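Working notes, beginning with the structure itself.
Protein chains in written order, with the numbering used here: chain A, 2 to 440; chain B, 2 to 440.
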C-alpha cells in the first residue's frame, strides 16, 4: 500500500462509549469476546487482517502446516458482533491529551483505549542480526524461512564444495525458549524422516542443527526436569545444544560463538527474545523494562482511560517484579479480567485486580515427544505429546482450522511426509522491513 | 537467490542416454511418467520446485483454495523413479552445436532434449499492461491478486469519496477465455455470497465486474451454445460482458475501452492470451507463430535430437494450421506419444505421428453452473458443474491434494464461506519481474 491520503479512519458516532483496542492477538480477541454483550462501541485495529495462532508458527516455517490453518480472519471471527468495527490500520502513536490514536490511515478518537499490540522480536539493537537472521513472530516471516530452507537444499544439490554444502545445510537457532526448542525439534524431524526422501543426492549427515542459549538451561520458564528432558530429546535428534553461549557475530556466512566456535551457516533463526511493541507518544513514566507499566487493573501509569494488557503490559508487583511471562494465557486472562472490569465500571461497581492463574506450560520436540509442566506435576514423552496436541487443537480459533490442522497432523504422522514443500516466496537477504517493524 | 557462482549443474554420467526435459508442467510430468521404466537417464529442470495445476489457479486468486492444494512438489512426485534427477534451475538458452542447455546455475549436456516449458502471459509488448495488470499464470501471481483484492476492500471501508470506492471495488477482466470467464464467475460469487458478510460497511452494489473480450463471443474455443450459456450465467452475476471490445489504455487508475467507456479500477486482470516461452539460442527457422515449430513427431524444425511439446510446440499441419490449442490435454497426449516414440526409437522401431483426441472442454461459472462441450454433445447447468468438479478432482496430482480440495469445496459450498482470506503478501504496484519473465 503506497499512498493513503484518500483514506480516513472514521467510525460512526454512537451514544455508547467507544473502546478502541489495538491488536488482534490473543489478548485483543479475548477482550472483544468478553465485551460482546456489553454496552460499548468496540473498534479493533490491527495492521494485519488476521489473528495469528503463534504457538504453531514454527510448523508453518518447517512446512508442516499452511498459514491459513493457524490464522483467523478478524472480520470473520466477529462477523456476528453488534457495534463492532474492525479496521486494518497500522498504529503509529497516541495523543493522550486529545484522546486520539494515530495510524497510517488517519486518527481516531477513543473514550477508552486498550493497548494490546504485543511484542516484537528483540535484536537488542543489533542491526546485523536484524538484517541477516530469520525471526519467528509473524506468518510472512515463517513463510520466508520455509522458502529459504527449501532453496538451500536445492542449492546443496548443485554445490560441489564441502564447505558450501555445510553452509547451506547448517542451521543455527539462537534462543532456547519454546520457539527455539520447537523449531529445533521440527528441523530434527525433517532431517531424519522427510528430507532424505526428497533429496537422495544429499548425505544428510552433513546437516547440522545448533541450538545456542545464553542461559544455563533450555526452557528457562519451565521446570528443571522439563529443561533436562527437552535437552535429552533434542540430543536424540543430534541437535548440538550449547548452553551459556552467545552469538558474537554473523556476517551472513559464518556464525562466531562466545566459545570461539565458527559455524558456516546460511540460516540463523533468531528466537532470542521479544520486547514490547511500544508506540510513539507515550509519556516516559509509562514505560519500563521494555513494556508499558500498568497497575493490577491494567491501567497505564500516568494516563487516564488507557489500558494495556498481554506481552506489552508490565504489571510490576511484589509477586511479579519482572512482570508476567510474555505468553498467551497471561494476555487471555488479563483481557477477561479487564473486560469484566470495564463493564463493572460502567455500572458503578468496584474493580477486581488481576491475579494470574498459571495453568502450566509445555513444549513439543518432534514426533511423539513433549514436556508438560502442570502446577504440581511435570511429565514428558508420548503422553505429554498427546496432551500438547489436544490443548493446541482446542485452543485454536475456528472449527475449520481445527479440522484442517488435525487432518494435516494425522497425514504428516502416518506418512512421515509434509504436504507443503513449495518454494513460493523468493528469499530476500538483507530484508528491508519498515523501521520499527521488528527491529 | 543472488549469486550462483558456487553452483554447478552436474548430473552423474551413466551409460544410458540422457533425456533432459525442460519444464514440470502437464507435458513434462506426463513424459517423466511415460518414461519411468525406460532405459534412459531422465533429468527434469524447472525454475520452480513444484508442478502447478493451472486450471484451479483462479480459485487460489479468489481465496477458495490454498496454493499447496493445487501444486505438487516435483521431487515428491517422482521420489520412487530410478535414474531420475530433478534440478531447480532457470533455463536461459540452448547451444545445439555443443548439445548443451544453459541455465542460471550452469550448463548441462543432453543426448536428447525435450522443451516443455509452456507459455507465458502475452502482453503483446505493452509494458504498461505488464506493469499494472495482474496476470494469472503462476501461483505467486494468484497470491498477489488475492492480497491486492482483499486490501482493496479494507481500503474501501476507509474511503469517503464515491469515485475512490468505485475504483477500489471495480474489477476489469481482459480476455473472455476460460481463465477470464472462471475468474469473473468466482468474483461474482464472492460479491454475492461471501464479501457482504465480511464487510457490512460496504454496499456491494458498487462493486462492478467487467469482462472485456476482443472477439464476438466468450470461450471462443468452445461451442456457440456454451459461449451463449456462459454469457448468460455471467450476466446473472451482474457481470458486464463487453464483446468486440478492447482495452485502449490503463494508467493504474482508469481503464479506457475502445467503445469510449472509462472505468475507474485499481484491479485489471490480464487474461488476454498466452505466448510461447521461447528460450535464447534457437535457430530462426525453428520459431513461428510465437511457438517452436515441430513436426508430427514433435521434433523441432532444423535441430537434431531436440523435441518440443505442449503450449510451446507449434505443430502446424493441414488439419491444424494454427497449431493445437494451448491446453493441458494436448501437452499430456503429446508427452505420452513422444515418450513411447523415444522408447520405440531406442529399440529401432518406427515412430508414430501425433494425433490429437479432443475429449472436450469445459468452464465453470460460480456455484452450480458450468458449461461442458463433449465432441458430440454440449450441456450446461448443475450436471455440467458436477462433471467439471469430478474431472478436475480426478486430474489433479496426488491423493492428498484431492482430499484437501474436496474438503475445501464441500466447506465452501455448505458455508458460503472462504477459509483463506489472509492478506499475507503486500501488493507491489509496478512490479519488477525479471525481463523475459512474463512480458
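C-beta: ideal position from N, C-alpha, C; glycine also. Small disclaimer: the values here were computed from a predicted structure and weren't measured.
Checklist entry - With distances taken from CA atoms, which of A:102, A:159, A:259 is nearest residue 281 of chain A? => result Here residue 281 of chain A corresponds to residue number 280 of the first chain, with the count starting at 1. Among A:102, A:159, A:259, the Cα nearest to that of residue 281 of chain A belongs to A:102.
Item to check | Pairwise C-alpha distance: residue 12 of chain A and residue 117 of chain A | outcome: Stepping through the first chain from its first residue, residue 117 of chain A is reached at position 116. Stepping through the first chain from its first residue, residue 12 of chain A is reached at position 11. So the two alpha carbons sit approximately 20 Å from each other.
Checklist entry - Could you check where the beta strand (DSSP E) with residue 525 of chain B kicks off and where it finishes? => result Lying outside 2 to 440, the shown extent of chain B, residue 525 of chain B is not represented and no answer is given.
Next on the checklist: Using 8 Å as the cut-off, can you tell me whether the segment 234–242 of chain B makes contact with the segment 143–157 of chain B, which would need three or more C-beta pairs spanning the two stretches below that distance?
Outcome noted: no
Next on the checklist: Can you tell me which residues form a DSSP beta bridge with residue 265 of chain B?
Outcome noted: As a first step, residue 265 of chain B must be located in the second chain, where it is residue number 264. Paired residue(s): B:255.
Item to check | Nearest residue (CA-CA) to residue 131 of chain A, options A:184, A:252, A:61, A:70 | outcome: Taking the first chain and counting its residues from 1, one reaches residue 131 of chain A at position 130. For residue 131 of chain A, the nearest C-alpha among the options comes from A:252.
Item to check | DSSP bridge partner residues for residue 18 of chain B (one or two, in chain order) | outcome: For the purposes of this step, residue 18 of chain B is taken as residue 17 along the second chain, with counting starting at 1. BP columns for residue 18 of chain B point to B:41.
Checklist entry - Using a C-beta to C-beta distance shorter than 7 Å, which residues of chain B count as neighbours of residue 151 of chain A? => result As a first step, residue 151 of chain A is located in the first chain; it is residue number 150 there, counting from the start. Close partners of residue 151 of chain A in chain B (Cβ separation under 7 Å): 50.
Item to check | Three-state secondary structure assigned by DSSP to residue 371 of chain B | outcome: The residue you call residue 371 of chain B lines up with position 370 of the second chain. Residue state, collapsed to three classes: strand.
Item to check | Range covered by the beta strand (DSSP E) that runs through residue 403 of chain A | outcome: Within the first chain, numbered from 1, the residue matching residue 403 of chain A stands at position 402. Element bounds for residue 403 of chain A: not the beta strand (DSSP E) but the alpha helix (DSSP H), 400–416.
Checklist entry - Which chain B residues sit within Cβ distance under 9 Å of residue 80 of chain A? => result Position 79 of the first chain holds residue 80 of chain A. Under the 9 Å cutoff, chain B gives 198, 199, 201.
Next on the checklist: Rounding to the nearest angstrom, what Cα-Cα distance links residue 369 of chain A and residue 376 of chain B in this structure?
Outcome noted: Here residue 369 of chain A refers to the residue found at position 368 when the first chain is read from its first residue. Here residue 376 of chain B refers to the residue found at position 375 when the second chain is read from its first residue. One C-alpha to the other measures close to 54 Å.
Next on the checklist: Restricting to Cα atoms, I'd like to know which of B:180, B:100, B:112, B:50 is closest to residue 219 of chain B.
Outcome noted: As a first step, residue 219 of chain B is located in the second chain; it is residue number 218 there, counting from the start. Of the listed residues, the one whose Cα sits closest to residue 219 of chain B is B:180.
Next on the checklist: Counting C-beta neighbours from all protein chains within 10 Å, is the total for residue 96 of chain A 16 or more, i.e. buried, or is it exposed?
Outcome noted: Position 95 of the first chain, counted from the start, is the residue given in the question as residue 96 of chain A. So residue 96 of chain A counts as exposed.
Checklist entry - Straight-line CA distance for residue 263 of chain B to residue 188 of chain B? => result Residue 263 of chain B sits at position 262 when you count from the first residue of the second chain. Residue 188 of chain B sits at position 187 when you count from the first residue of the second chain. Roughly 21 Å separates the two Cα atoms.
Checklist entry - Would residue 136 of chain B be called buried (16 or more neighbouring beta carbons within 10 Å of its own) or exposed? => result As a working mapping, residue 136 of chain B is identified with position 135 in the second chain. Burial call: buried.
Item to check | Buried versus exposed call for residue 371 of chain B [16 or more other C-beta atoms within 10 Å across all chains shown] | outcome: As a first step, residue 371 of chain B must be located in the second chain, where it is residue number 370. Buried, because 16 or more other Cβ atoms sit within 10 Å of the Cβ of residue 371 of chain B.
Checklist entry - Hey, quick one: how far does the alpha helix (DSSP H) through residue 233 of chain B stretch, first residue to last? => result Counting from one through the second chain, the residue named residue 233 of chain B turns up at place 232. Per DSSP, residue 233 of chain B belongs to the alpha helix (DSSP H) from 225–237.
Checklist entry - Do residue 274 of chain B and residue 294 of chain B have their C-beta atoms within less than 8 Å of each other? => result One-based indexing of the second chain puts residue 274 of chain B at position 273. One-based indexing of the second chain puts residue 294 of chain B at position 293. Not in contact: residue 274 of chain B and residue 294 of chain B (Cβ atoms no closer than 8 Å).
Checklist entry - Between which two residues does the beta strand (DSSP E) carrying residue 113 of chain B extend? => result Position 112 of the second chain, counted from the first residue, corresponds to residue 113 of chain B. Residue 113 of chain B -> beta strand (DSSP E) spans 113–116.
Item to check | Beta-carbon contacts of residue 27 of chain A that lie in its chain and below 7 Å, excluding the five residues immediately before and after | outcome: For the purposes of this step, residue 27 of chain A is taken as residue 26 along the first chain, with counting starting at 1. Answer for residue 27 of chain A: 311, 329, 332, 333, listed in chain order.
Checklist entry - What in chain B is Cβ-close to residue 393 of chain A, meaning under 7 Å? => result As a position in the first chain, residue 393 of chain A is number 392, starting the count at 1. None at all; the shortest Cβ gap to chain B is about 19 Å.
Item to check | Assigned secondary structure, residue 364 of chain A (DSSP; H/G/I helix, E/B strand, else coil) | outcome: Taking the first chain and counting its residues from 1, the one referred to as residue 364 of chain A is at position 363. Strand, per DSSP.
Checklist entry - Mind checking if residue 351 of chain A is an interface residue toward chain B, Cβ cutoff 8 Å exclusive? => result For the purposes of this step, residue 351 of chain A is taken as residue 350 along the first chain, with counting starting at 1. Not closer than 8 Å to any Cβ of chain B, the Cβ of residue 351 of chain A fails to qualify, so no.
Item to check | Contacts of residue 45 of chain B in chain A (Cβ-Cβ under 7 Å) | outcome: In the second chain, the residue the question calls residue 45 of chain B occupies position 44. Result: empty, since nearest Cβ-Cβ is about 13 Å, beyond 7 Å.
Checklist entry - Are the segment 66–82 of chain B and the segment 194–204 of chain A touching by the rule of at least three beta carbon pairs closer than 8 Å? => result yes
Checklist entry - Whose C-alpha, out of A:106, A:177, A:345, is nearest the C-alpha of residue 228 of chain A? => result Locating residue 228 of chain A in the first chain gives position 227, counting from the first residue. With distances taken between Cα atoms, residue 228 of chain A lies closest to A:177.
Item to check | residue 69 of chain A beta carbon less than 8 Å from that of residue 67 of chain B | outcome: Here residue 67 of chain B refers to the residue found at position 66 when the second chain is read from its first residue. Here residue 69 of chain A refers to the residue found at position 68 when the first chain is read from its first residue. In contact: residue 67 of chain B and residue 69 of chain A (Cβ atoms closer than 8 Å).
Next on the checklist: Output needed for residue 30 of chain A: all residues of its chain with C-beta closer than 6 Å, excluding positions within five of it in sequence on either side, in chain order.
Outcome noted: Here residue 30 of chain A refers to the residue found at position 29 of the first chain. Cβ neighbours of residue 30 of chain A beyond the five flanking positions: 52.
Checklist entry - Applying a beta-carbon distance threshold of less than 7 Å, which residues of chain A neighbour residue 89 of chain B? => result Locating residue 89 of chain B in the second chain gives position 88, counting from the first residue. Those within 7 Å of residue 89 of chain B in chain A are 155.
Item to check | Where residue 289 of chain B sits in the DSSP three-state scheme | outcome: Here residue 289 of chain B is taken as the residue at index 288 of the second chain, counted from 1. Three-state DSSP puts residue 289 of chain B in a strand.
Item to check | Coil, strand or helix - residue 437 of chain B by DSSP | outcome: Your numbering for residue 437 of chain B matches position 436 in the second chain. Its pLDDT being 35, under 50, residue 437 of chain B is placed unreliably by the model, and nothing is read from it.
Item to check | Limits of the unbroken beta strand (DSSP E) element including residue 108 of chain B | outcome: As a working mapping, residue 108 of chain B is identified with position 107 in the second chain. Note, residue 108 of chain B: beta strand (DSSP E), 107–110.
Item to check | Three CB pairs or more closer than 8 Å across the segment 78–87 of chain B and the segment 36–48 of chain B | outcome: yes
Next on the checklist: Strictly below 8 Å CB to CB, what residues from chain A border residue 160 of chain B?
Outcome noted: Stepping through the second chain from its first residue, residue 160 of chain B is reached at position 159. Result: 7, 8, 9.
Next on the checklist: Just verifying my parser: in three-state terms, what is the DSSP assignment at residue 159 of chain A?
Outcome noted: As a position in the first chain, residue 159 of chain A is number 158, starting the count at 1. Coil.
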